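Report on the structure given below.
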Amino acid sequence: MIAAVQDQQPATQSLLPERVPRHVGIIMDGNGRWAKARGLPRTEGHRQGTENLRRVIKACVEFGVPILTIYAFSTENWRRPPLEVRLLLTILETVIDRELKELHENGVRIRHIGQTDRLSPALQKKIHDACEYTKDNQRLVLNVAFNYGGRDEIIQAVREVVRAGIPADDITEEVLNQHMYTSGLPDPDLIIRTSGEIRGSNFLIWQAAYAEYYFTPIYWPDFDREQLLEAIWEYSRRTRRFGQTDEQLDIPDE
Ligand code: FPP
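Start counting the sequence shown at 0; every next residue gets the next number (numbering that gives the first Met the number 0).
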């Protein structure tokens with residue numbers, strides 16, 4: 000009985016390495032509501048959300064997750080009030096300025112996914128330099144989805160394929176994969192969304208075809224190491240069939 004109860008509780012030592020997701024995507028939602036619930040300005044929610052990102056990156060390294068993709072700014076976020084848009088752009092700049100050295104020392108490789116065209120030349124350069132500076136790091140790939148939209152990504156991939164003159168009959172999943180921002184990386188195994196919203200919001204819509212989703216009511220600033228462990232624990236106990244049957248996968252009856 001005790002063993003069975005223990006079995007229900009997440010603990011780092013009971014995570015089987017082969018059951019830890021190789022690629023986790025996170026829709027970091029709820030900064031604004033976190034702040035509102037405390038009578039604080041939204042900016043404070045984003046500040047706490049940024050602090051939390053450090054904790055979650057650290058926890059990914061601890062749990063052996065090799066790839067993390069965070070949804071930091073969507074193509075739709077430009078519709079927010081100009082002041083908030085400016086703040087979110089500034090946060091990315093500040094995070095790069097303040098955290099780059101430590102991320103690099105901890106073996107984190109930064110990649111950007113999304114369009115850079117609407118970003119200022121200074122921010123574009125900062126992003127480019129951060130990616131270059133960390134490009135040989137191998138402990139954790141941190142994909143920062145910034146000015147990112149899933150449909151937008153598919154459109155630009157199709158454009159590239161057409162421009163490359165690839166004949167229609169030669170267009171396969173592999174070909175399109177090669178033209179996605181995530182080219183060379185495995186698809187996300189687990190996508191987490193915080194704050195109680197139960198939707199995908201244009202995040203990695205091509206890559207998430209077989210992803211497991213985990214939704215939690217916890218607002219992003221409170222989604223800490225324990226919460227991540229809980230999500231990975233739940234993921235590790237799910238059966239992924241990829242369209243096949245239990246018999247094909249040799250899964251015993253319940
Ligand atoms: C959602 O909260 C969060 C965002 C729009 C992104 C902000 C993310 C951070 C500040 C973390 C670090 C970011 C970077 C750039 C590395 P919300 O404002 O949608 O919350 P609400 O739905 O409660 O209003």
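Every residue, glycine too, gets a C-beta built ideally from N, C-alpha and C. The model shown is predicted, which means the values in this text are computed figures rather than measured ones.
Measure the alpha-carbon distance for residue i versus residue j and round it to whole angstroms.
i, j, result
"Pro185", "His22", "7 Å"
"Arg54", "Asp223", "7 Å"
"Tyr234", "Leu189", "7 Å"
"Glu98", "Leu52", "11 Å"
"Ala167", "Gly31", "45 Å"
"Ile26", "Ala208", "16 Å"
"Pro40", "Phe62", "33 Å"
"Pro9", "Ala144", "29 Å"
"Ala58", "Gly164", "44 Å"
"Thr181", "Thr49", "23 Å"
"Ala121", "Thr93", "13 Å"
"Glu17", "Pro80", "44 Å"
If residue i and residue j are in contact, beta carbons under 8 Å, what's the gap, nearest whole angstrom?
i, j, result
"Leu14", "Trp232", "7 Å"
"Phe202", "Gly24", "6 Å"
"Ile95", "Lys124", "Incorrect: roughly 10 Å between the Cβ atoms, too far for contact."
"Leu141", "Arg108", "7 Å"
"Gly29", "Tyr218", "3 Å"
"Gly195", "Pro216", "4 Å"
"Gly149", "Ile197", "Gly149 to Ile197, Cβ: 17 Å. No contact."
Neighbouring residues (CB closer than 7 Å to any heavy atom of ligand 1): Met27, Asp28, Gly29, Asn30, Gly31, Arg32, Trp33, Arg41, Gly44, His45, Gly48, Thr49, Leu52, Ile69, Ala71, Phe72, Asn76, Leu87, Ile90, Leu91, Val94, Val143, Phe145, Ser194, Tyr218 and Trp219
query: Going along the chain, which unbroken runs of the beta strand (DSSP E) with 3 or more residues stay wholly within the stretch 203-241?
result: List check, beta strand (DSSP E) in window: 211-214.
message: Just to confirm the assignment: which complete beta strand (DSSP E) runs, minimum length 3, are found wholly within the stretch 160-203?
response: 189-192
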